[in-house]
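Accompanying notes for the structure given below.
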Amino acid sequence: MIAVLKKKWNNLETLEEKLFWIIQVIFTVVSLAGTLITVVEDVSNLAELVLFIDLVVCVLVGLFVMRTSHYSVGFFLLIFFYTSISTPLLFFLCSGVDSAMPYYMLVGPFLSSFISNRKIRFTSAVLTMLVGVTLYVLAWFFPHLLAPVPSKGIVYLDFAANFVLVGGSIFFICSFAINAYVREKVQRERLVSKLDYLSKHDDLTELYNRRFVIQYLENIVWHSRDRYYMFMFTIDGLKALGDSFGHVVADRIVCNVAHALWETVNEGVGECGARYGEETFLFIMAADSDVDAFMRADAFREKISGFIWNNTPDVRISISGG
Numbered sequence: 187m188i189a190v191l192k193k194k195w196n197n198l199e200t201l202e203e204k205l206f207w208i209i210q211v212i213f214t215v216v217s218l219a220g221t222l223i224t225v226v227e228d229v230s231n232l233a234e235l236v237l238f239i240d241l242v243v244c245v246l247v248g249l250f251v252m253r254t255s256h257y258s259v260g261f262f263l264l265i266f267f268y269t270s271i272s273t274p275l276l277f278f279l280c281s282g283v284d285s286a287m288p289y290y291m292l293v294g295p296f297l298s299s300f301i302s303n304r305k306i307r308f309t310s311a312v313l314t315m316l317v318g319v320t321l322y323v324l325a326w327f328f329p330h331l332l333a334p335v336p337s338k339g340i341v342y343l344d345f346a347a348n349f350v351l352v353g354g355s356i357f358f359i360c361s362f363a364i365n366a367y368v369r370e371k372v373q374r375e376r377l378v379s380k381l382d383y384l385s386k387h388d389d390l391t392e393l394y395n396r397r398f399v400i401q402y403l404e405n406i407v408w409h410s411r412d413r414y415y416m417f418m419f420t421i422d423g424l425k426a427l428g429d430s431f432g433h434v435v436a437d438r439i440v441c442n443v444a445h446a447l448w449e450t451v452n453e454g455v456g457e458c459g460a461r462y463g464e465e466t467f468l469f470i471m472a473a474d475s476d477v478d479a480f481m482r483a484d485a486f487r488e489k490i491s492g493f494i495w496n497n498t499p500d501v502r503i504s505i506s507g508g
């Protein structure tokens, strides 16, 4: 059962969907707790019935959302029933402002803020506030509609118990929303960082790719071209090596050459190594003179020629370029 619930939870895609089910659980717990409190306070059998109906409505709205996936509508239905039917009845049955019902009247506008659909969100918020104002006006002008005020001890017990219920629920919902937002932000930043990395690097060798190196030449090297030299080289006979020894060996050759280039490049002074084509690489080096640049390029060429392949000792590779 727990595994099934965990799977369904992981399949929820948006913050609104997860918040809906969190609030459903909280509503259920609060309805049950509220029923117990009214029983202890001996307020009214009708109040107990209203709280039980709250629980039934929570279940029905949950089933509706499970079948339709209309989370914004589900939010609205839940808030509408709670603030326009349940809360007004309990307000009059529990002595109005001499009970903890004003706490619950704030829940409607608060929950409305989590509805993703803007039109439904504002409609729900305005409706819940209008209902709240109407209840206060009715209690002011028609005080006889309110149930008799219970003893001071019952009033304080009601305020204390419901303060814990409402305050704890709001704290839990806000904590979950903030944590979910932070996790989503971190995941989004990681995804953006990964996409940025993939857009700049070659999949096989993880060197910079052609797109990046062109931008690098335009933005960095061009403005200091007197101190940079470009060595473009190609692996000799790579296609023939692939045909003779297999593409796995050819890919390994490409990766080893790329690794050697990466070890040679000094990014601290603005150098850059890139895979420019299938078998073509580009080494942008910082050098004091043409002679210095030529010597570094030749040293790199000799380094590649000296590679020893343990698994395929017959393989000999070389590079050509300028």
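Note that this note's numbering numbers the sequence shown so that position 256 is 442, with each residue one more than the last. Note that CB positions come from ideal geometry on N, CA and C, so glycine has one too. None of the values given here were measured: they were computed from a predicted structure.
Worksheet item: Distance, Cα to Cα, F267 vs T273?
Response: The count along the sequence shown starts at 1 and reaches residue 267 at position 81. The count along the sequence shown starts at 1 and reaches residue 273 at position 87. C-alpha separation (whole angstroms): 8 Å.
Practice prompt. Kindly list the residues whose CB is nearer than 7 Å to the CB of R482, restricted to its own chain and excluding five residues on each side of it in sequence; keep chain order.
Written response: Locating residue 482 in the sequence shown gives position 296, counting from the first residue. Excluding positions up to five away in sequence, the list reads M471 and A473.
Discussion item. Between the region 309-321 and the region 282-295, can you find at least three pairs of beta-carbon atoms closer than 8 Å?
Written reply: yes
Worksheet item: Does the Cβ-Cβ distance between L393 and H387 come in under 8 Å?
Response: Within the sequence shown, numbered from 1, the residue matching residue 393 stands at position 207. Within the sequence shown, numbered from 1, the residue matching residue 387 stands at position 201. Contact flag set, yes.
Worksheet item: Is the region 344-361 touching the region 212-227 in the sense that three or more CB pairs, one from each, lie closer than 8 Å?
Response: yes
Worksheet item: Who pairs with H387 in a beta bridge, going by DSSP?
Response: Taking the first residue of the sequence shown as position 1, residue 387 is located at position 201. According to DSSP, which records beta bridges pairwise, H387 is partnered with Y394.
Fill in: Proximity of S361 and T420 at Cβ, strictly below 8 Å
What you label residue 361 is simply residue 175 of the sequence shown in a count that begins at 1. What you label residue 420 is simply residue 234 of the sequence shown in a count that begins at 1. No, they are not a contact pair.
Item to complete: Answer with buried or exposed for G318, where buried requires no fewer than 16 other C-beta atoms within 10 angstroms of its C-beta.
Response: Here residue 318 is taken as the residue at index 132 of the sequence shown, counted from 1. With 16 or more Cβ atoms within 10 Å of its Cβ, G318 is classed as buried.
Worksheet item: Between the Cα of L218 and the Cα atoms of Q373, S255, I239 and L232, which residue gives the shortest distance?
Response: Taking the first residue of the sequence shown as 1, we reach residue 218 at position 32. The option with the nearest alpha carbon to L218 is I239.
Worksheet item: Within this structure, are the beta carbons of I359 and I208 separated by less than 8 Å?
Response: Taking the first residue of the sequence shown as position 1, residue 359 is located at position 173. Taking the first residue of the sequence shown as position 1, residue 208 is located at position 22. Taking 8 Å as the Cβ cut-off, I359 and I208 qualify as a contacting pair.
Worksheet item: The beta strand (DSSP E) with C244 in it runs from where to where?
Response: Here residue 244 refers to the residue found at position 58 when the sequence shown is read from its first residue. Element bounds for C244: not the beta strand (DSSP E) but the alpha helix (DSSP H), N231 to T254.
Worksheet item: Can the beta-carbon of M418 be found less than 8 Å from the beta-carbon of L468?
Response: Reading the sequence shown from its first residue, position 232 is the one you call residue 418. Reading the sequence shown from its first residue, position 282 is the one you call residue 468. Yes, the Cβ-Cβ distance between M418 and L468 is below 8 Å.
Worksheet item: Within 10 angstroms of its Cβ, does T269 collect 16 or more other Cβ (buried), or is it exposed?
Response: Here residue 269 refers to the residue found at position 83 of the sequence shown. Buried is the call here.
Practice prompt. Output yes or no for whether 8 Å exceeds the beta carbon distance between F300 and F250.
Written response: For the purposes of this step, residue 300 is taken as the residue at position 114 of the sequence shown. For the purposes of this step, residue 250 is taken as the residue at position 64 of the sequence shown. Contact: no.
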